[in-house]
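Enquirer:
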Amino acid sequence: LVPRAAFDIHPSVRAASGADVGDVRLPSREASPPATIALGPSGGAVSGMPTERTSSIDLLIIGRGPAGIACALQAHRDGLRVVLVGDEPVGGLVRAARRLDNLPGAAGTSGEALAERMARQIEEAGVPTEGVHVAALRREGPLFLASVDADADDRPRNREVRWAARAVCLAVGTRPRPW
Numbered sequence: 425l426v427p428r429a430a431f432d433i434h435p436s437v438r439a440a441s442g443a444d445v446g447d448v449r450l451p452s453r454e455a456s457p458p459a460t461i462a463l464g465p466s467g468g469a470v471s472g473m474p475t476e477r478t479s480s481i482d483l484l485i486i487g488r489g490p491a492g493i494a495c496a497l498q499a500h501r502d503g504l505r506v507v508l509v510g511d512e513p514v515g516g517l518v519r520a521a522r523r524l525d526n527l528p529g530a531a532g533t534s535g536e537a538l539a540e541r542m543a544r545q546i547e548e549a550g551v552p553t554e555g556v557h558v559a560a561l562r563r564e565g566p567l568f569l570a571s572v573d574a575d576a577d578d579r580p581r582n583r584e585v586r587w588a589a590r591a592v593c594l595a596v597g598t599r600p601r602p603w
C-alpha cells in the first residue's frame, strides 16, 4: 500500500484520469502472467504463456542514462528484482559532455569518465543490465509485458516477451540537439 501523496501527479491529470485520492495498492508478486499478448496495430501477437526466456521481475527500468541508473541502484538496494535495459550505452547522453562543471563533488569531470563510473557502479552493485531495444510494452492485468525483437527485421510477429514486470520506470531521456 503506497500513499497517494507519494506520487507527484498534477491535479488536472488526476481529475482527467479519474484517479481517486485514496491509496494505491501495488499488484502482488504472485500475479500470474497472461495467456495472450497483442503487440500493436500491425496485428502481430505472441500467443500462449511467456517463454522460458521470460523473466518475472518487480521493476523494469527502460533507459540506461543517469536517471535510469539512479532508479536501478536504489530499487536494487531496496531488495527489488530489477533489470535495467536500453539500446544506448550506459550513461546515455552524458557520454557526449566534454566537461561537467555542475556535478557536486566531481566538478570538471568529463561525460565519458562519469559514464564509466556509472557503469562500474551498477556492475559492482550487481544490477542486471541488458543492451536491448524494448519494442513493445503492454499492460496485461497486474503485469507489464516487455517485448524485444527476436530477429533483426523488426517484424512484430518475431517479437518475444522477455520480461513480466510488476512496475516499469521509463527513463528514456532525450535526443541530442544542435547548439
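Residue numbers (our numbering): 425 to 603. Cβ coordinates follow ideal geometry from the N, Cα and C atoms, glycine included. Please read all numbers here as calculations on a predicted model, not as lab measurements.
According to DSSP, is A560 helix, strand or coil?
Expert: The count along the sequence shown starts at 1 and reaches residue 560 at position 136. Of the three classes helix, strand and coil, the one that applies to A560 here is strand, per DSSP.
Enquirer: Just to confirm my understanding: we take E540, look at its own chain, exclude 5 residues before and 5 after, and list those with CB closer than 8 angstroms. What are they?
Expert: Locating residue 540 in the sequence shown gives position 116, where the first residue counts as 1. Once the five neighbours on either side are set aside, the close Cβ partners of E540 are G515.
Enquirer: Name the two residues that bound the continuous alpha helix (DSSP H) containing E547.
Expert: The residue you call residue 547 lines up with position 123 of the sequence shown. Unbroken alpha helix (DSSP H) run through E547: 535-549.
Enquirer: What is the DSSP secondary structure of R586, reduced to helix, strand or coil?
Expert: Indexing the sequence shown from 1 puts residue 586 at position 162. Strand.
Enquirer: Starting from the Cα of A570, find the closest Cα among R544, A589, E548 and give me that residue.
Expert: For the purposes of this step, residue 570 is taken as the residue at position 146 of the sequence shown. Comparing Cα-Cα distances from A570 to each of R544, A589, E548, the minimum goes to A589.
Enquirer: So what does DSSP say about L517, is it helix, strand or coil?
Expert: Start at 1 with the first residue of the sequence shown, and residue 517 comes out as number 93. If DSSP states are grouped into helix, strand and coil, L517 belongs with the helices.
Enquirer: Would you mind stating whether L517 and P600 have Cβ atoms separated by less than 8 angstroms?
Expert: On the sequence shown, residue 517 is found 93 positions in, with the first residue counted as 1. On the sequence shown, residue 600 is found 176 positions in, with the first residue counted as 1. Yes, they are a contact pair.
Enquirer: Quick one: measure Cβ to Cβ for I493 and I546, integer angstroms, because I've assumed they're closer than 8 angstroms.
Expert: Here residue 493 refers to the residue found at position 69 of the sequence shown. Here residue 546 refers to the residue found at position 122 of the sequence shown. Right, their Cβ atoms sit about 6 angstroms apart.
Enquirer: So for A530, helix, strand or coil by DSSP?
Expert: Against the sequence shown, residue 530 aligns to sequence position 106. Three-state DSSP puts A530 in coil, outside helix and strand.
Enquirer: With DSSP collapsed to three states, give me the class of L497.
Expert: Locating residue 497 in the sequence shown gives position 73, counting from the first residue. Note: L497 maps to helix in three-state DSSP.
Enquirer: With DSSP run on the structure shown, which of helix, strand or coil describes A595?
Expert: Here the question's residue 595 lines up with position 171 in the sequence shown. A595: coil per DSSP, three-state reduction.
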